[in-house]
Structure formats: C-alpha cells, structure tokens
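Asks: A single structure is presented below for examination.
Protein chains in written order, with my numbering: chain S, 313 to 396; chain Y, 1290 to 1806.
Here it is, written out as structure tokens:
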C-alpha cells in the first residue's frame, strides 16, 4: 500500500482534527507548533500501517515529518530503497 | 551593594569575561560584552520611547538572542518585562496585553504577520517594535553607562500562568526574586562558570528564565534549544558538550519512546553531562530509572516548585535511586511544611497542603488582590498576633512526609491540570470549547498520562449538530496546542447536583468508566 497526499491529509483531518483547508503540502506541522511530538507517535503508526513497513527510529527526524510533502517524500524514498 | 538588580549579573560577567559566549542559539551566538552593549542601548531607546518607568513591555518572540536582549533592555529602561510564549494565538495574546496593560510590545516581523496584524487595533499599543529594527532604533539612545532608578524590590517581570479557574494570571516577580533564585539554583546544582546549559524550556516559564539568570550570574554559557524530536536533542547534548540539562517530563517520555529514538549503549558520548534537573511535574519512576541508566555519570536532581514561589524542594541526587518517588526536602533558604485543615503540621504519612516560606516568594497576582490574598497568606505556624510578619504561599498541592522528612507529592487540592509541563485551568479549556458553535455544555479535566503528565479530556453536550472534529478544529484555531484536548467525547447530557449544577466528580467517574483512563 502506498501513501498519498490525500491519505495523509485525510488522516490529519479525521484523526488529528486539523483544519486541512488551511494546510498546504508544505505547511510546517511541528516546527510551527501545529502538532506536538505526542501527535507524532500516532502519525508514525499511521504511516507504518499505510506502507506496511516499520519506521526506523533513526529516521524520525523533523526533516522527514514536518509537512505533508516531506512525509510523502520520506515514504517514497523508503519504498525505493526497500529490498525487492 | 551590587548585584541588587538582575542586570548587575550581566555587568559583572561582562566585566570579568567580556569575550566569553553568553548565549548561543544554533549558529548564532553573542558574547557578554556584546550582550551588555546591545541591552543597554535598547534600554536607552526604550527609556525614550516609552514612559513612565514601571510600564509593562510585552516581548512576543521565539526563544532567541533577541528575546534575551529585549528582556534585559527592558530592565535597563526600569520597566517590567512580560514574556509571551510564541506558541500563543491571538486570543491569549489579547488577554495578556489587556490584563497586564502592556503598551509597548516587542516582536518579530514573522509573528507580526502571522499573529498580530489582524488584532493590532484591539491591542491599543503605544509602541510596537520588531526586533529586526533594533539596530536602527538603538542609534536613538546614548551608548554608555545606564543609570537605573530601580531598587531590588521593584518588579522585574510578570509571568503568566494558569490557576485552577479562569484565564491565566500574571505572577509578579521582583529583581530580588530573580537574584535570590539564581543564587539558590546555582548553589544546589553547583553551577560554575564552565557550565554549558542546554535551555530546552521556554523562557516564559519560571524555570526557563532561571536558566538565563543563573547563566548571567555565573558567567557561563546558555545554549538555547527548541525541543522537537529526541534524535536531534540527543545529538545536540553530545555535539555541544552540554554540562547542565534542565528538562520537563514530556521530553523524557519522548526520548525514551522506542518509536522515536534508539539509545544504544555507546551510541552517544554524554560524558560532558554533569547534571540533569527535572521540573514541571513529577518524573514517573520508570523514566527516573531510564534517565539514570542512560546518563550514569550525571547527577539527577528531581525538583518541585510552582511559579508563585519558584522552587520549593529538590531530592538529593544521592537519594534518587533509593527514593525515586520523593520530591525531596526544602531548598536552601526555603522552608516547606505540610499542614492540615486546622493549620497544624501534618504527622508523617498524613496528607495535607504544602506551604512554602523563604526565598522565591513572588509578590502576588497582577490585578488580582483577592486571589493574592487566598494564596499568599500570613504564616499560620507563628504565634497568633505575630503571623502577619511573615508571608507563606499555599501551593494548592497535596503532599505527605515520611519518617525521615522526605516529601511526596500526592495531587492537587483543586481541578488544575498539568499537561506537557503547562498549568492548564479546566475553565480555560471549557471556555474555549463552549465558544464553538453547536456546543451546549462542557466539562474538561485531566487524566494521568505517562507522556504528558496529564492529558486533557472534554465531555461535551450539543445544542446543534456538530462533530468532534469541528470542535477540535475550533480549539486548534483559537488556542495553543497545550490547551487543545487530547480526547473529546459527545454526551447527551450531564449528571446534576441537587442545585442543578453539573456534577463534575460524577461526570469524570462516568467518563473513566465508559472510556477508560
């Protein structure tokens, strides 16, 4: 299964309660104080369940999670590097 | 006589070690002499811009060198600084500016655009200064000795914090408070001029500000840091050769969450770290054990305190492994007692309210004489007729002592919530939610939570069709993240007392029965 901008936005709207009308793919989620690190744990679980692969704690860096587009890029890069 | 004002700490340290780095923030840093120069020049400017002395100057900035220059510059102008957390939204900014009568506000171009611009008319400021203009403005003032008219008992700053009801209140702090608490903290933590303290706590918290005052007093270096995720935090401790680390429990909860970070043995070199201080809320014992395992060479100080009296107790690091549940004993120059309803000192094991006397007692709440009189009271332990000569602070916290005099925190006397290190009043959350259209009634409360200390849950009844998401959206728009409930449940109605009021206790009991803790 893969992650899309729509599925991440839907998650942020339905599960986190963010007003996604005000959020572009590049809106900062954590550095702007929109989300706290408590929300990040749930976001990681969501990305893991959507992509079917666990996230290495070493990859839990702000540059991978601070916006919808970064989350998608990060998920894609993991798929690209996964063993076939 | 000096130091009797906070800025004297800066002058002493700038005199001793002018070229030493005082504050570091990412790639930026400032030496003691430059910090002194910039603060005095801004002070002279503020003296000309804003009259009279004693005026409250709001500082709405991220944790930064500019924020430090702004607060010291305010003191050099004999004015009172009020730090506003950059995470605040318009509603909270308006409350503080209005409650405190702030007429001069220092901010940044970015916060001006994102938060302040639409509410500028409501704020009724006389002066609005963006820190980007400091350089231009500083030319207005003279560059040289600044003569302060203030004395040590003058108000230096006001710290906004929540109580058990209503909106946040300003706790009034004097220069004497700042000086006493810096001396006190640096003594029991044995802080030297060689320290490199990582400041992950916001400066608008009393303990965050204390990192700055301690740094200026000892002439050491403060490394400002915005905590987001554990990996970068741990790497910073290593790379910056941090020696002193004050932190809040939510930071440790996220550091030791295996989903967020991996702390293998020998992965990081934490050998520089000399001490860790926990404050903000009790650190759960499993986290105490993990901190001790991960940083075996660092002394762990478990602190207890509240803004109205700064810090009250700490547990001697030598006792941490034996009594990790304890908040220790009184700090130097502080006395702490636990008293019962009859104002007698509790016996060992008896639960009562913790009261504090000695260093760190603030002046009371800004514009709130009634609340001040309830919290700052005559010392009940002195003979009748003499009690007025001494003021003690009633913490609102329930505690008990063991046979050896070690104190244990038990809980709150009232409904105040402690979440993510922030004090939150249930009324503030309820007021926020009730303003959402479609909401009829609401009860908000805190539930113990290992990550947050307490998480906020709200039970809501509706008058019109709306959804939990709509309510959450409303809260996120109107308030900073720490006021937004983690859980909202819709109910058809609330249990009532005989007088028809909502029965809070029964509502909370029903909620935990149905939805768990």
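We put the beta carbon where it would ideally sit given N, CA and C, even for glycine.
As the structure is a computational prediction, the values presented were derived from the model and not from experiment.
In chain S, which residues lie less than 8 angstroms from residue 1548 of chain Y when you measure between Cβ atoms?
Replies: Position 259 of the second chain holds residue 1548 of chain Y. Correct list: 353, 356, 357, 367, 369 and 372.
Asks: Pick out whichever of Y:1295, Y:1743 and Y:1482 has its Cα sitting closest to the Cα of residue 1509 of chain Y.
Replies: One-based indexing of the second chain puts residue 1509 of chain Y at position 220. Comparing Cα positions, the closest option is Y:1482.
Asks: Please report the residue range of the alpha helix (DSSP H) in which residue 1381 of chain Y lies.
Replies: As a working note, residue 1381 of chain Y is residue 92 in the second chain. Note, residue 1381 of chain Y: alpha helix (DSSP H), 1379-1389.
Asks: Is the CB-CB distance between residue 1396 of chain Y and residue 1364 of chain Y below 9 angstroms?
Replies: Here the question's residue 1396 of chain Y lines up with position 107 in the second chain. Here the question's residue 1364 of chain Y lines up with position 75 in the second chain. Not in contact: residue 1396 of chain Y and residue 1364 of chain Y (Cβ atoms no closer than 9 angstroms).
Asks: List, in chain order, every chain Y residue whose beta-carbon is nearer than 7 angstroms to that of residue 350 of chain S.
Replies: Within the first chain, residue 350 of chain S is the residue found at index 38, counting from 1. Under the 7 angstroms cutoff, chain Y gives 1740 and 1741.
Asks: What is the DSSP secondary structure of residue 1626 of chain Y, counted as helix, strand or coil?
Replies: The residue labelled residue 1626 of chain Y in the question sits at position 337 within the second chain. Strand, per DSSP.
Asks: Of all Cβ atoms in chain Y, is any one closer than 9 angstroms to the Cβ of residue 329 of chain S?
Replies: Residue numbering aside, residue 329 of chain S sits at position 17 when the first chain is read from its first letter. By this cut-off, residue 329 of chain S is an interface position.
Asks: Would you mind telling me which residues of chain Y sit closer than 8 angstroms to residue 326 of chain S, beta carbon to beta carbon, in chain order?
Replies: The residue labelled residue 326 of chain S in the question sits at position 14 within the first chain. In chain order: 1758.
Asks: I'd like to know if residue 342 of chain S contacts chain Y, where contact means its C-beta is closer than 9 angstroms to some C-beta of that chain.
Replies: Position 30 of the first chain, counted from the start, is the residue given in the question as residue 342 of chain S. Yes, residue 342 of chain S lies at the interface with chain Y (some Cβ there is under 9 angstroms from its Cβ).
Asks: Could you tell me which uninterrupted beta strand (DSSP E) segments, each at least 3 residues in length, are contained entirely in the stretch 1594-1618 of chain Y, listed from first to last along the chain?
Replies: Listed in chain order, they are 1599-1604.
Asks: What do you get for residue 1674 of chain Y, buried or exposed, if any count of 16 or more other CB atoms within 10 angstroms of its CB means buried?
Replies: Stepping through the second chain from its first residue, residue 1674 of chain Y is reached at position 385. With fewer than 16 Cβ atoms within 10 Å of its Cβ, residue 1674 of chain Y is classed as exposed.
Asks: Would DSSP call residue 1539 of chain Y helix, strand or coil?
Replies: Start at 1 with the first residue of the second chain, and residue 1539 of chain Y comes out as number 250. Helix at residue 1539 of chain Y.
Asks: Measure the C-alpha to C-alpha separation of residue 1570 of chain Y and residue 1585 of chain Y and round it to an integer number of angstroms.
Replies: Looking up residue 1570 of chain Y in the second chain gives position 281. Looking up residue 1585 of chain Y in the second chain gives position 296. Residue 1570 of chain Y and residue 1585 of chain Y: Cα-Cα distance of roughly 22 angstroms.
Asks: Quick one, are the C-beta atoms of residue 1296 of chain Y and residue 1328 of chain Y less than 9 angstroms apart?
Replies: Along the second chain, read from residue 1 onward, the residue named residue 1296 of chain Y stands at position 7. Along the second chain, read from residue 1 onward, the residue named residue 1328 of chain Y stands at position 39. In this structure, residue 1328 of chain Y lies closer than 9 angstroms to residue 1296 of chain Y by Cβ.
Asks: Looking only at DSSP bridge pairs, what is residue 1694 of chain Y linked to?
Replies: Looking up residue 1694 of chain Y in the second chain gives position 405. Answer by DSSP bridge pairing: none, since residue 1694 of chain Y is not bridged.
Asks: Any contact of the stretch 1761-1773 of chain Y with the stretch 317-330 of chain S, i.e. 3+ C-beta pairs under 8 angstroms?
Replies: With a cut-off of 8 angstroms, the stretch 317-330 of chain S and the stretch 1761-1773 of chain Y count as touching, because enough Cβ pairs lie within range.
Asks: Am I right that residue 1605 of chain Y and residue 1617 of chain Y are in contact with their C-beta atoms under 8 angstroms? What's the rounded C-beta distance?
Replies: As a working note, residue 1605 of chain Y is residue 316 in the second chain. As a working note, residue 1617 of chain Y is residue 328 in the second chain. That belief holds up - the Cβ atoms of residue 1605 of chain Y and residue 1617 of chain Y are roughly 6 angstroms apart, short of 8 angstroms.
Asks: Determine the burial state of residue 1603 of chain Y: buried for a count of at least 16 other Cβ atoms within 10 Å of its Cβ, exposed for fewer.
Replies: Here residue 1603 of chain Y refers to the residue found at position 314 of the second chain. So residue 1603 of chain Y ends up on the buried side.
Asks: Would you call the CB atoms of residue 1632 of chain Y and residue 1672 of chain Y closer than 9 angstroms?
Replies: Numbered from its first residue, the second chain carries residue 1632 of chain Y at position 343. Numbered from its first residue, the second chain carries residue 1672 of chain Y at position 383. The answer is no: Cβ separation not under 9 angstroms.
Asks: Listing by chain order, which chain S residues have their CB less than 9 angstroms from the CB of residue 1376 of chain Y?
Replies: The residue given as residue 1376 of chain Y occupies position 87 in the second chain. Going along chain S in sequence order, the residues near residue 1376 of chain Y (Cβ under 9 angstroms) are 345.
Asks: Could you check whether residue 1413 of chain Y and residue 1442 of chain Y sit closer than 9 angstroms to each other, using their CB atoms as the reference points?
Replies: As a first step, residue 1442 of chain Y must be located in the second chain, where it is residue number 153. As a first step, residue 1413 of chain Y must be located in the second chain, where it is residue number 124. In this structure, residue 1413 of chain Y does not lie closer than 9 angstroms to residue 1442 of chain Y by Cβ.
Asks: Would a check of beta-carbon distances place residue 1770 of chain Y closer than 9 angstroms to chain S?
Replies: Taking the second chain and counting its residues from 1, the one referred to as residue 1770 of chain Y is at position 481. Taking Cβ atoms only, chain S reaches closer than 9 angstroms to residue 1770 of chain Y, which makes this a yes.
Asks: Measuring only the C-alpha atoms, how far is residue 1298 of chain Y from residue 1401 of chain Y?
Replies: Reading the second chain from its first residue, position 9 is the one you call residue 1298 of chain Y. Reading the second chain from its first residue, position 112 is the one you call residue 1401 of chain Y. Spanning the two alpha carbons is a distance of roughly 32 angstroms.
Asks: Under 9 angstroms between C-beta atoms, does residue 1409 of chain Y make it to chain S?
Replies: Sequence index remark: in the second chain, residue 1409 of chain Y carries index 120 (1-based). So no, residue 1409 of chain Y is outside the interface.
Asks: Got a sec: which bits of the stretch 1514-1525 of chain Y sit with their beta carbon under 9 angstroms from any beta carbon on chain S, in order along the chain?
Replies: Within the stretch 1514-1525 of chain Y, the residues whose Cβ lies closer than 9 angstroms to some Cβ of chain S are 1515, 1516, 1517, 1518, 1519, 1520 and 1521, listed in chain order.
Asks: When you compare only the Cα positions, how much space is there between residue 1422 of chain Y and residue 1693 of chain Y?
Replies: Within the second chain, the letter at position 133 stands for residue 1422 of chain Y. Within the second chain, the letter at position 404 stands for residue 1693 of chain Y. About 57 angstroms.
Asks: Run through DSSP, which three-state label would residue 326 of chain S get?
Replies: By one-based count along the first chain, residue 326 of chain S stands at place 14. Note: residue 326 of chain S maps to helix in three-state DSSP.
Asks: In or out: residue 1524 of chain Y buried (at least 16 other Cβ within 10 Å) or exposed?
Replies: Here residue 1524 of chain Y is taken as the residue at index 235 of the second chain, counted from 1. The residue is exposed, with fewer than 16 neighbouring Cβ atoms inside 10 Å.
Asks: If you follow the alpha helix (DSSP H) that residue 1323 of chain Y is part of, which residue opens it and which one closes it?
Replies: As a position in the second chain, residue 1323 of chain Y is number 34, starting the count at 1. Note, residue 1323 of chain Y: alpha helix (DSSP H), 1321-1338.
Asks: Spatial neighbours of residue 1430 of chain Y within its chain, please: C-beta separation below 6 angstroms, excluding the five flanking residues on both sides.
Replies: By one-based count along the second chain, residue 1430 of chain Y stands at place 141. Any answer about residue 1430 of chain Y is weak, because its pLDDT of 49 lies below 50 and its placement is not dependable; what the coordinates show is given next. Here the set comprises 1330, 1333 and 1334.
Asks: Could you tell me whether the Cβ atoms of residue 1649 of chain Y and residue 1684 of chain Y are closer together than 9 angstroms?
Replies: Working through the second chain from its first residue, we reach residue 1649 of chain Y at position 360. Working through the second chain from its first residue, we reach residue 1684 of chain Y at position 395. Cβ atoms of residue 1649 of chain Y and residue 1684 of chain Y: not closer than 9 angstroms.
Asks: Contact defined as beta carbons within less than 8 angstroms: I believe residue 1562 of chain Y pairs with residue 1526 of chain Y. What is the distance between those atoms, to the nearest angstrom?
Replies: Within the second chain, the letter at position 273 stands for residue 1562 of chain Y. Within the second chain, the letter at position 237 stands for residue 1526 of chain Y. The Cβ separation is near 6 angstroms, so the contact holds.
Asks: Assuming residue 1393 of chain Y and residue 1456 of chain Y are in contact, meaning their beta carbons sit under 8 angstroms apart, how far apart are those beta carbons, in whole angstroms?
Replies: Here residue 1393 of chain Y refers to the residue found at position 104 of the second chain. Here residue 1456 of chain Y refers to the residue found at position 167 of the second chain. Wrong, their Cβ atoms sit about 22 angstroms apart, outside the cutoff.
Asks: Under the rule that 16 or more other beta-carbon atoms within 10 Å means buried, what is residue 1337 of chain Y, buried or exposed?
Replies: Numbered from 1 along the second chain, position 48 holds the residue referred to as residue 1337 of chain Y. Residue 1337 of chain Y should be labelled exposed.
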